[in-house]
Amino acid sequence: MRKKSVIICASLLAVFMAVLGGQVTFALWEADVASPLGVIATGDMKMTIGDVTWATSCASGDATTLSAVQVTPGDALHVSAQVTTQFAGDNLGVALSASFSNMTQAFDATWHVEDSSGQVAPVSGDAPLTSALTLPSDEGEHVWTVVVSVSFRGSGPAWVDPGAKTTPSLDLGVLTLRANQVRCGGGFSHECGGQ
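Counting from 278, one number per residue, gives the positions in the sequence shown under this note's numbering.
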């Protein structure tokens with residue numbers, strides 16, 4: 278009787294293994310877990326320009342009177358533009374660049390950026406107008422003053438005989454300010470060059 282029971286159990290085990298073996302042959306184990314990540318917000322960068330003023334050693338005015346300025350060799354013209362920026366974003370560095378549309382051999386141009394507490398870029402002195410200046414990377418809205426200094430050389434193709442009956446004109450062209458994202462400076466692994 279004991280021997281018979283063993284044979285029956287062995288038969289049932291063989292059948293069970295055959296069925297189980299058939300299932301394993303066509304199915305691989307797999308497990309999925311869903312984890313919501315939420316919504317990723319994108320950053321933003323905006324810039325607007327406000328009042329533009331100018332000053333020389335003996336006069337000053339706003340953008341409407343700039344065309345009436347009469348400069349002579351050796352003069353310096355300082356143009357100040359109020360710029361408002363809005364930054365939003367992690368790891369967002371912003372650099373300003375400036376350019377005249379009509380650079381000539383008659384003048385040199387340098388510049389710097391100030392906020393309400395004083396000069397912020399470069400730390401001191403002026404940078405060549407061809408250099409971009411990195412702003413402090415605090416988020417939110419900020420008001421800056423961009424100061425461009427134009428120095429008129431003592432000689433050049435724009436100057437003519439002072440006794441001439443016509444007054445020569447010197448077209449500075451359009452001053453363009455541009456904000457660009459950069460990945461250097463504060464919070465990044467390397468400093469921005471040119472400052």
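Even glycine gets a Cβ: it sits at the ideal position worked out from N, Cα and C.
For residue i, which option in the options has the closest C-alpha, if you only look at C-alpha atoms?
i, options, result
"L449", "A345, E391, A404, A311", "A345"
"S334", "T349, A340, G320", "T349"
"L410", "V420, G417, P399, E416", "P399"
"G320", "G338, W306, G370", "G370"
"S401", "S408, H389, S393", "H389"
"E416", "G338, S357, A308, D367", "D367"
"Q347", "D392, V459, A336, T341", "A336"
"Q396", "P413, M380, S408", "P413"
Looking only at its chain, what residues have a beta carbon closer than 6 Å to the beta carbon of residue i, apart from the 5 residues adjacent to it on each side?
i, result
"D385", "S428"
"N457", "A372"
"S378", "G450, V451"
"V420", "T361"
"S393", "none"
"E391", "T422"
"A275", "Outside the displayed span of the chain (278 to 472) sits residue 275, for which this structure offers no information."
By the three-class DSSP mapping on this structure, what secondary structure does residue i have?
i, result
"T453", "strand"
"T333", "coil"
"E418", "strand"
"I326", "strand"
"A311", "coil"
"Q347", "coil"
"A409", "coil"
"V316", "coil"
"A291", "Residue confidence is low: A291 scores 48 on pLDDT, short of 50, so the model does not pin down where it sits. No coordinate-derived value is stated."
"D392", "strand"
"L373", "strand"
"D448", "coil"
With hydrogens ignored, establish whether the beta-carbon of residue i is closer than 7 Å to any heavy atom of the ligand NAP.
i, result
"T407", "The ligand NAP is not among the ligands present in this structure, which contains no ligands whatsoever."
Which stretch, first to last residue, makes up the beta strand (DSSP E) that contains residue i?
i, result
"T341", "Looking at the DSSP string, T341 is not in any beta strand (DSSP E), and its letter there is neither H nor E."
"Q396", "395–398"
"D403", "Unbroken run through D403: none, as it is neither H nor E."
"S378", "Unbroken run through S378: none, as it is neither H nor E."
"H354", "It should be noted that the sequence gives Leu, not His, for residue 354. Per DSSP, L354 belongs to the beta strand (DSSP E) from 353–365."
Under 7 Å Cβ to Cβ from residue i, same chain only, skipping five residues before and after it: list those, please.
i, result
"A355", "Checking the sequence, you will find His at residue 355 rather than Ala. For H355, where only same-chain residues beyond five positions count, the Cβ hits under 7 Å are W331, A332, V424, S426."
"T387", "D403, A404, P405, L406, S426"
"V316", "none"
Excluding the 5 residues preceding and the 5 following residue i in the sequence, name in chain order all residues of the same chain whose CB lies nearer than 8 Å to its CB.
i, result
"L454", "M324, I326, A358, V360, L373, S374, A375, V423"
"A252", "It is not possible to answer for residue 252, since the shown part of the chain is limited to 278 through 472."
Quick one: is residue i near chain D, going by C-beta distance under 8 Å?
i, result
"S334", "In the displayed structure, chain D is absent; only one protein chain is listed."
Point to revise | At least 3 beta-carbon pairs within less than 8 Å: the region 357–364 vs the region 324–332 | key: yes
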